[in-house]
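Residue numbers (this note's numbering): 64 to 218.
No residue lacks a Cβ here, since even glycine has one placed at the ideal position from N, Cα and C.
Heads up, the thing below is written out as structure tokens.
Laid out in structure tokens, this is it:
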């Protein structure tokens, strides 16, 4: 993370970074990121898809891997997040880190837990890197060619 670490919380710098993504994100996704966040939202699913077809010729420079996720926003809107042309995907989930501070009791019923903070940045090679941190200390890292957010309903 470049903008949010234990030592610094550079919201202004991160907002400047988001403004530079106007040419690589669709208008709705860019607007959402500039005006909202998924802080305190809950991820209900993450789906990794490998669209490999051994009968199709390999002429594309894009990855066939995509990831979709559904998140319930704190305002009860439901969003689908979609990363395509994925080349790096990592989830560091360890339920034993998700503990009550006072008792150190593991919170099995919270699962992945709620979204804490994230950073979406443009890499030197033109790809996007999305780092997501959940309150359970789970880290999700995705590098991709495209990222979009779409509202799919209200709960």
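- Segment contact: the region 180-191 against the region 106-125, fewer than three CB-CB distances shorter than 8 Å; contact not assigned.
- Cα atoms of residue 212 and residue 152: separation of roughly 18 Å, rounded to the nearest angstrom.
- Between residue 177 and residue 129, the C-beta spacing is not below 8 Å.
- Scanning the region 73-116 from its first residue to its last, the whole beta strand (DSSP E) runs of 3-plus residues come out as 105-113.
- Looking at the backbone, the Cα of residue 193 and that of residue 84 are separated by about 13 Å.
- The Cβ neighbour count for residue 98, taken over all protein chains shown within 10 Å, is under 16; the residue is labelled exposed.
- Close CB contacts of residue 217 within its chain, under the 8 Å cut and outside five residues either way in sequence, are with 139, 140, 141 (chain order).
- Residue 192 carries a strand assignment under DSSP once its states are collapsed to helix, strand and coil.
- The alpha carbon of residue 160 has as its nearest neighbour, out of 209, 65, 200, 89, the alpha carbon of 200.
- With a minimum length of 3 residues, the unbroken runs of beta strand (DSSP E) contained wholly in the region 123-158 fall at 128-135, 140-147, 151-155.
- Residue environment for residue 74: exposed (fewer than 16 other C-beta atoms within 10 angstroms of its C-beta).
- Cβ-Cβ distances below 7 Å link residue 215 to 141, 142, 143 in the same chain, with the five nearest sequence neighbours on each side left out; the list follows chain order.
- Taken atom to atom, the span from the alpha-carbon of residue 207 to that of residue 145 is near 10 Å.
- Contact check for residue 198 against residue 88 fails: the beta carbons are separated by 8 Å or more.
- For residue 186, no beta strand (DSSP E) run applies, since DSSP gives it neither H nor E.
- Judged by beta-carbon spacing, residue 90 lies beyond the 8 Å limit of residue 154, meaning their Cβ atoms are not closer than that value.
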